[in-house]
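Accompanying notes for the structure given below.
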Amino acid sequence: MSTVESAAPIRSSIHPVMWVAAGSVILLSLTGVAAMTGLLPTGQARSGEAGASALAASSGSAASAAQRQGVVGDNPANHTAEATAMSKQPPRQVGGPAARSSSAPAQTTDASGPVAARNEGTIESIRTVTRKGDASGVGAVAGGVLGAVVGNQFGKGDGRKAMTVVGAAGGALAGNEIEKQRNSTTHVEVAVRMNDGSRRVLALAAQNGWRVGDRVRIDGNGKLASAG
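FYI, the numbering for the sequence shown is 186 to 413, going by the numbering used here.
In structure tokens:
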């Protein structure tokens with residue numbers, strides 16, 4: 186009778202190092218599959234995240250700079266400096282040469298107004314003045330001779346001589362006065378109260394219809410004209 190021998194247990198001949206290598210291969214395969222399916226972030230995703238972070242950082246920096254600029258702009262000292270700079274700027278002229286030329290006649294009118302007013306006034310009084318003329322001596326001589334002749338007609342002796350002398354003297358005085366009267370001149374004096382309060386007197390050859398209270402203007406030649 187044959188004896189069946191039991192089979193001895195088969196021991197694994199795989200080395201532990203091979204198990205580790207196989208596990209590593211499986212792990213790498215799983216990692217590759219996860220990366221391809223998007224389950225595991227790749228280098229591009231990480232670079233995108235880095236770019237987004239940089240963009241967010243730059244936006245934050247710009248916002249901070251704008252905020253700092255706004256704070257500086259709201260500073261009252263800056264407003265004061267801007268107002269001072271604007272006040273130092275020369276004023277702008279409105280209008281061209283036409284505007285400046287149109288304003289010139291107005292200035293001329295304003296300047297001539299006070300001058301005309303100073304030359305105007307009101308007649309305050311009118312009077313006729315007679316001025317005696319100068320005696321040349323002819324009247325005195327003629328009067329003396331005539332007086333002597335007349336005086337000689339009165340009295341006798343020494344009385345006649347005395348009357349002759351008196352007649353000659355009286356005749357000379359009378360003749361001299363008569364000559365002055367003959368050479369006398371007559372003119373009209375018009376007193377004008379000016380607008381500035383002063384008083385001017387003008388000598389006119391005739392009254393020429395002027396009356397007290399008339400508004401007149403005195404020109405540069407001393408002549409009167411109506412001031413309306």
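For every residue, glycine included, the Cβ atom is placed at its ideal position computed from N, Cα and C.
ILE211 counts as exposed, since fewer than 16 other beta carbons sit within 10 angstroms of its beta carbon. For secondary structure counted as the beta strand (DSSP E) over 3 or more consecutive residues, the region 377-402 holds these complete runs in sequence order: 384-389.
Residue state for GLY329 is assigned as helix, using DSSP reduced to three classes. Burial is judged here by how many other beta carbons sit within 10 angstroms of a residue's own beta carbon; ALA357 has at least 16 and is buried. A contact between stretches requires three or more CB pairs, one per stretch, nearer than 8 Å, and the region 348-365 meets this requirement with the region 311-330. Sequence-distant partners of SER369 (beyond 5 residues in either direction) whose C-beta falls short of 7 Å from its own C-beta, in its chain, are THR315, ARG316, LYS317, GLY318.
Taking a cut-off of 8 Å on C-beta distances, the region 300-310 does not touch the region 361-368, as fewer than three cross pairs fall below it. For ALA320, no alpha helix (DSSP H) encloses it, and the DSSP letter there is neither H nor E. When secondary structure is reduced to three states using DSSP, SER369 falls in the coil class, being assigned neither helix nor strand. Here DSSP, grouped into helix, strand and coil, assigns GLY306 to strand. Across the set ALA388, ASP381, ARG402, the C-alpha of ALA388 shows the shortest separation from the C-alpha of VAL373.
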